[in-house]
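Colleague:
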Amino acid sequence: MNDIEAAVGERLSVEDIELEVIRRGQGRPVLLLHGLHTVDPQAPFLDLLGRRAEVIVPSHPGFGHSERPADFDTVYDLVHLYLDVLEALPHERVSLVGLSFGGWLAAEIAAACSHRIDRLVLVDAFGIKISDRETPDILDVFNTSPQEVQQHSWHDPEKWTPDFNALSDDEIVVHARNWDALCLYGWQPYMYNPQLKHWLRRIRRPTLVLWGASDGIVPPSYGRAYSALIPGSCFDVIAEAGHHPEIEQPEAFVDRVAAFLEE
Numbered sequence: 002m003n004d005i006e007a008a009v010g011e012r013l014s015v016e017d018i019e020l021e022v023i024r025r026g027q028g029r030p031v032l033l034l035h036g037l038h039t040v041d042p043q044a045p046f047l048d049l050l051g052r053r054a055e056v057i058v059p060s061h062p063g064f065g066h067s068e069r070p071a072d073f074d075t076v077y078d079l080v081h082l083y084l085d086v087l088e089a090l091p092h093e094r095v096s097l098v099g100l101s102f103g104g105w106l107a108a109e110i111a112a113a114c115s116h117r118i119d120r121l122v123l124v125d126a127f128g129i130k131i132s133d134r135e136t137p138d139i140l141d142v143f144n145t146s147p148q149e150v151q152q153h154s155w156h157d158p159e160k161w162t163p164d165f166n167a168l169s170d171d172e173i174v175v176h177a178r179n180w181d182a183l184c185l186y187g188w189q190p191y192m193y194n195p196q197l198k199h200w201l202r203r204i205r206r207p208t209l210v211l212w213g214a215s216d217g218i219v220p221p222s223y224g225r226a227y228s229a230l231i232p233g234s235c236f237d238v239i240a241e242a243g244h245h246p247e248i249e250q251p252e253a254f255v256d257r258v259a260a261f262l263e264e
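Numbered by this note's numbering, the letters in the sequence shown go through residues 2 to 264 in order.
Shown next as structure tokens:
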């Protein structure tokens, strides 16, 4: 199958792989790659961004309700799938926005295929190693207590920490699938590609590296180092936001992203 098909029930198929997908708005096409977890369809930032662009948000294979082929088990399987998505979309270029783990994917995609990308936004992105071998750059979310992970995730953890007791059975299954898939793709080495920082120079499109000022999963200093490796990129910080600025500060997030995409 060479063309993307929007199936009934918000599905998207490419090269015989079917993904669930959220769509919002009309106008400038934006492919948004989610982070540690799939995007909540009710997240306010989606409708806000959808007023300024056509937003396409797939769930990666193995996340949410997206199928994972049996032989999909590396970040590069995801990267090559999204290269197929870019080739199949009915647009010469799309803007690419990556959140957290999705930021790593977006950086890899842009380094490999800048000609299909209009603009690039990396939000609290993983993907590179900037410190020495013994110094962790990214909090190990698998071997840190859930309470500590939540404290590091949010500027205001009391307000934003999810109440897992309030989740439906389906939401619990989705959460478990997200965590399992994240571990599969990002465990070894932990959330980075040793070669990526040498290839970020290949990104030739306007790039915004955007960070939550209170991110305790991966700090703003990491974001600044990331930005410095991408020619001509700009770095910006959203106040009173942790690792998920699109959730804690949706208006500020959309204002920054939309203004950059519309420049």
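Glycine is no exception: its CB is placed at the ideal position from the N, C-alpha and C atoms. What you are looking at is a predicted structure, and each value in this text was computed from that prediction instead of being measured.
Assign V174 to one of two classes, buried (16 or more other C-beta atoms within 10 Å of its C-beta) or exposed (fewer than that).
Modeller: Flag for V174 reads exposed.
Colleague: According to the neighbour-count rule (16 or more other Cβ atoms, all chains shown, within 10 Å of its Cβ), is L209 buried or exposed?
Modeller: L209 comes out buried.
Colleague: Could you tell me the alpha carbon to alpha carbon distance between V31 and L262, rounded to whole angstroms?
Modeller: Taking the straight line from one Cα to the other gives about 9 Å.
Colleague: Whole angstroms is fine: what's the gap from R94's alpha carbon to G51's?
Modeller: Approximately 18 Å, taken between the alpha carbons.
Colleague: With distance defined between alpha-carbon atoms, name the residue in G28, R206, E68 nearest to V22.
Modeller: Selected option, being the one with the closest Cα: E68.
Colleague: For S96, is the classification buried or exposed, using 16 other Cβ atoms within 10 angstroms of its Cβ as the cut-off for buried?
Modeller: So S96 ends up on the buried side.
Colleague: Run the CB neighbour count on D216, radius 10 Å, all protein chains shown included, and call it buried at 16 or more, exposed below.
Modeller: So D216 counts as buried.
Colleague: In this structure, how does DSSP classify L123 when only helix, strand and coil are distinguished?
Modeller: Here L123 sits in strand by DSSP.
Colleague: Given a threshold of 16 other Cβ atoms within 10 Å of its Cβ, counted over all protein chains shown, does G28 qualify as buried or as exposed?
Modeller: When all chains shown are included, G28 counts as exposed.
Colleague: Let's test the definition: count the other Cβ atoms within 10 Å of the Cβ of A271 and tell me whether it reaches 16, buried, or not, exposed.
Modeller: Residue 271 cannot be examined here, being either before or after the span of the chain that is shown, 2 to 264.
Colleague: Counting pairs of Cβ atoms below 8 Å between the segment 106-114 and the segment 75-91, do you hit three or more?
Modeller: Contact between the segment 106-114 and the segment 75-91 is present, because at least three Cβ pairs lie under 8 Å.
Colleague: Hey, which unbroken runs of the beta strand (DSSP E) at 3 residues or more fall wholly within the segment 200-238?
Modeller: Those beta strand (DSSP E) runs which fall completely within the segment 200-238 and span 3+ residues are 208-213.
Colleague: With a cut-off of 8 Å, do at least 3 Cβ pairs link the segment 224-234 to the segment 166-183?
Modeller: As far as the Cβ criterion goes, the segment 224-234 does not touch the segment 166-183, which means the pair count is below three.
Colleague: Checking 7 Å against the spacing of the C-beta atoms, do G103 and L34 come in under that value?
Modeller: Taking 7 Å as the Cβ cut-off, G103 and L34 qualify as a contacting pair.
Colleague: Look at the alpha carbon of W180 and the alpha carbon of H38, and state the distance between them as a whole number of angstroms.
Modeller: Roughly 7 Å between the two C-alpha positions.
Colleague: How many whole angstroms separate the CB atoms of S115 and R202, which I take to be in contact at a CB cut-off of 8 Å?
Modeller: No, S115 and R202 are not in contact; Cβ-Cβ is about 11 Å, not under 8 Å.
Colleague: For L140, which three-state DSSP category applies?
Modeller: Three-state DSSP puts L140 in coil, outside helix and strand.
Colleague: In the DSSP assignment, what are the bridge partners of G128?
Modeller: Y193.
Colleague: Helix or strand or just coil, what does DSSP make of V22?
Modeller: Looking at V22 - three-state DSSP - the assignment turns out to be strand.
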